[in-house]
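Asker: Mind looking over this structure? Questions follow.
Number of protein chains: 2
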Amino acid sequence: MHISTKCSVAIHCLIFILEYGDTQKVTSDLLSLSTGINPATIRKILSSLKKDGIIFVKFGTGGTTLNCPPNEITLYRICKAIEPDFASKLIGLHPFPSPLCPIGKNIHDVLDCSYQKISNDLCESLKNITLENIISDYHHIQHNPD
Amino acid sequence: MHISTKCSVAIHCLIFILEYGDTQKVTSDLLSLSTGINPATIRKILSSLKKDGIIFVKFGTGGTTLNCPPNEITLYRICKAIEPDFASKLIGLHPFPSPLCPIGKNIHDVLDCSYQKISNDLCESLKNITLENIISDYHHIQHNPD
DNA sequence: AATGGTGTAAAATTTAAAATTACAGGAGGG
DNA sequence: CCCTCCTGTAATTTTAAATTTTACACCATT
Chain A
338 MHISTKCSVA IHCLIFILEY GDTQKVTSDL LSLSTGINPA TIRKILSSLK KDGIIFVKFG
398 TGGTTLNCPP NEITLYRICK AIEPDFASKL IGLHPFPSPL CPIGKNIHDV LDCSYQKISN
458 DLCESLKNIT LENIISDYHH IQHNPD
Chain B
338 MHISTKCSVA IHCLIFILEY GDTQKVTSDL LSLSTGINPA TIRKILSSLK KDGIIFVKFG
398 TGGTTLNCPP NEITLYRICK AIEPDFASKL IGLHPFPSPL CPIGKNIHDV LDCSYQKISN
458 DLCESLKNIT LENIISDYHH IQHNPD
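One line per chain: the protein sequences are A and B, in this order. Counting along the first sequence from 1, when you hit position 123 you're at 460 in this note's numbering, and nothing is skipped either side. Counting along the second sequence from 1, when you hit position 102 you're at 439 in this note's numbering, and nothing is skipped either side.
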């Protein structure tokens, strides 16, 4: 039904890891301070990214590092990791159309035809943007404040 | 932050109007029965479509008709009519990143770069689908049940 | 064994969406 | 001309979803 803020938080975390991972131990508390998001939520997000192989989280002692090059991490991959069926929930369906009406009976199938296409297009669009692109935007903005 | 179910309801209504508008007076109560959505909500949706010139609603006596050919009614137009800034709310932003962190301070601008592109792509995708296409899907499904 | 982490689940809170209720006002038929 | 059926719209309540909070078991390193 929508792409949650968790996706934005995930990107924020990934930038942080990339920028500061070398010099600091990146913990959920630290990321919580930077993002303004609860540490428990951060850990849940990191856990999803970890399962997908995007990052590596050191258990016990703590600390997080990237697990693959930024140009292989697409927005699609991030969204998918955070919310596996985000694409099919893009547009909400009304839950109880009347089965007695020819249109109500078929509306979900009809909408699926179009929503499927839109969902595919969106996925392609998300695949075109990588963490590398985003990092480059970040550096650009950071050095050209206005 | 997401495309609401109202968009799906709007499409449902438009199909209904196109299919039954000639033979019946299409009122908000009738659409409510078919969609399973409250008449007041239906009226709000129809009101938005009307403002955009997509349909014509007869005040007083009631009844709704299309106001332009189905091939000119794109999904983009419908979404825009229902929720003017749907495109910029596609992906949620975390509201309170720390202004003390270089990343937190810039994250919204950074994300906007990418989200803008995705938003544009989505709009293009939505412009590619018209009510005519959807009606054709409906007829196809209706005559080939499975 | 003490410290500072992660992983994760349950409960509470917050927020957003939708339904409900209510009513003023118009058009047309009897 | 008034009665009925309808629209437009605002205020309130309800419901549902997302997020936070709390809590605690478990792990690695010092």
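Positions of the beta carbon are idealized from the N, C-alpha and C atoms, including for glycine.
Using only alpha-carbon positions, find the residue among B:D474, B:N443 and B:Y413 that is nearest to B:N465.
Answerer: Answer by Cα proximity: B:Y413.
Asker: Chain B partners of A:F514, CB-CB under 7 Å?
Answerer: Given that chain A is displayed from residue 338 to residue 483, the structure contains no residue 514 of chain A and the question cannot be resolved.
Asker: Using only the alpha-carbon positions, how far apart do A:L459 and B:G397 sit?
Answerer: Cα to Cα, A:L459 sits roughly 42 Å from B:G397.
Asker: Thinking C-beta only, is B:V346 closer than 8 Å to B:G400?
Answerer: No; because the gap between Cβ atoms is not below 8 Å, this pair is not in contact.
Asker: Whose CA, out of B:Y475, B:I478, B:N457 and B:F353, lies closest to the CA of B:L403?
Answerer: Nearest C-alpha to B:L403: B:F353.
Asker: Relative to the alpha-carbon of B:S407, which residue among B:K343, B:L351 and B:I478 has its alpha-carbon at the smallest distance?
Answerer: First, the amino acid is wrong: residue 407 of chain B is Pro here, not Ser. Answer by Cα proximity: B:L351.
Asker: By the DSSP assignment, the beta strand (DSSP E) with A:L403 in it spans what residues?
Answerer: Taken as a continuous stretch (DSSP letters only), the beta strand (DSSP E) holding A:L403 covers T401 to L403.
Asker: Quick one: which chain A residues come within Cβ less than 8 Å of B:E434?
Answerer: The sequence shown places Pro at residue 434 of chain B, not Glu. Under the 8 Å cutoff, chain A gives H349, S371, T372 and G373.
Asker: Could you tell me whether any Cβ in chain B is nearer than 8 Å to the Cβ of A:T342?
Answerer: True, the Cβ-Cβ gap to chain B drops below 8 Å.
Asker: Should B:T372 be labelled buried (16 or more other beta-carbon atoms within 10 Å of its own) or exposed?
Answerer: B:T372 should be labelled buried.
Asker: Taking CB distances under 8 Å as the criterion, tell me whether B:G429 reaches chain A.
Answerer: B:G429 counts as touching chain A.
Asker: Is it the case that the region 365–381 of chain B contacts the region 432–445 of chain A, given that we only count it when at least three CB pairs across the two stretches are under 8 Å?
Answerer: Enough Cβ pairs lie closer than 8 Å, so yes.
Asker: Report the option in A:S473, A:D389, A:I455 and A:Q479 whose CA atom is closest to the CA atom of A:C416.
Answerer: The shortest Cα separation from A:C416 among A:S473, A:D389, A:I455 and A:Q479 belongs to A:D389.
Asker: Would you mind sorting B:F423 into buried or exposed? The rule is 16 or more other CB atoms within 10 Å of its CB.
Answerer: Its Cβ being crowded by 16 or more others within 10 Å, B:F423 is buried.
Asker: For B:P376, I'd like the list of residues in its chain whose CB is within less than 6 Å of its CB, leaving aside the five on either flank, ordered along the chain.
Answerer: So the qualifying residues of the chain are S365, D366 and S369.
Asker: Using the beta-carbon of each residue, which ones in chain A are nearer than 9 Å to B:L448?
Answerer: The answer, in chain order, is S345, I348, H349, I471 and D474.
Asker: Less than 8 Å between the CB atoms is what I'm expecting for B:S385 and B:I419, so what's the real figure, rounded?
Answerer: About 5 Å; that satisfies the 8 Å criterion.
Asker: Considering only the alpha carbon of each residue, which of B:Y452, B:E356 and B:T411 lies closest to A:S341?
Answerer: Out of B:Y452, B:E356 and B:T411, B:Y452 has the C-alpha closest to the C-alpha of A:S341.
Asker: Grouping DSSP H, G and I as helix and E and B as strand, with all else coil, what is B:V363?
Answerer: The answer is coil: DSSP assigns B:V363 none of H, G, I, E or B.
Asker: Mind checking who B:F393 pairs with in its DSSP beta bridge?
Answerer: B:T402, per the DSSP bridge assignment.
Asker: Quick check on DSSP: helix, strand or coil for A:I428?
Answerer: Three-state result, A:I428: strand.
Asker: Could you tell me whether any Cβ in chain B is nearer than 8 Å to the Cβ of A:E420?
Answerer: Not closer than 8 Å to any Cβ of chain B, the Cβ of A:E420 fails to qualify, so no.
Asker: Provide the residue(s) that pair with A:H476 in DSSP beta bridges, ordered along the chain.
Answerer: A:H476 is not bridged to any residue.
Asker: At which residues does the alpha helix (DSSP H) containing A:T378 begin and terminate?
Answerer: That run of the alpha helix (DSSP H) goes P376 to K388.
Asker: Going along the chain, which residues of the region 459–470 of chain A sit with their C-beta nearer than 9 Å to a C-beta in chain B?
Answerer: Cβ contacts with chain B: L459, E461, S462, L463, N465, I466 and N470.
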